[in-house]
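Count the sequence shown with the numbering used here and you get residues 81 to 204, in order.
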Amino acid sequence: MPRFDLYEDGGILTRRFFISVNITDRFAVYEGAMLHPRGELELSPGYVWDFGSGAIDTPAVVLASLAHDALINLISAGKLPASLRKKVDKEYLRLLKLGGVPWYRRYWQYYAIRGYVRFIKPWA
């Protein structure tokens, strides 16, 4: 779980950070985010993200949103296939659970993300 001293206001990492994710057998690099084939997401100091859009920014949500945003950026940049989008969204759900977020908040956030992809921005 990231401590709040790992980033500045506005979501800027202040030092290198690693998160284990269930996206394996892929290597991708883009603007401060690197996914290693063993499922380790490496983020460089200065990496910027917008926390959990529409969510209460608890430490668990901050961690999950950091991983999710980085993986989505890799997809958007064409470094990972778009077919991984749903798996990346499920990874967000898994990280929320690991962080102790109650089930109703986890699923509310997960379905908000899925609805965004399906109805608001289907090309994402």
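Idealized CB from N, CA, C, for every residue including glycine.
Note that the structure is predicted; figures quoted are calculated from it, not measured.
Check: Outcome for residue 145 when other beta-carbon atoms lying within 10 angstroms are tallied against a minimum of 16; Outcome: buried
Check: Own chain residues within Cβ distance below 7 angstroms of residue 152, not counting five before or after; Outcome: 168
Check: 6 angstroms Cβ shell around residue 129 - same chain, five flanking residues per side excluded; Outcome: 91, 146 and 149
Check: Outcome for residue 172 when other beta-carbon atoms lying within 10 angstroms are tallied against a minimum of 16; Outcome: buried
Check: Whole-angstrom distance between residue 139 and residue 188, CA atom to CA atom; Outcome: 17 angstroms
Check: Residue 108: first and last residue of the uninterrupted beta strand (DSSP E) it sits in; Outcome: 108-110
Check: Burial state of residue 96 (16 or more Cβ within 10 Å); Outcome: exposed
Check: Those residues which DSSP pairs with residue 100 across a bridge; Outcome: 120
Check: Rounded C-alpha distance that separates residue 184 from residue 127; Outcome: 30 angstroms
Check: Neighbourhood of residue 104 by C-beta, 7 angstroms cutoff - its chain only, sequence neighbours within 5 removed; Outcome: 117, 118 and 119
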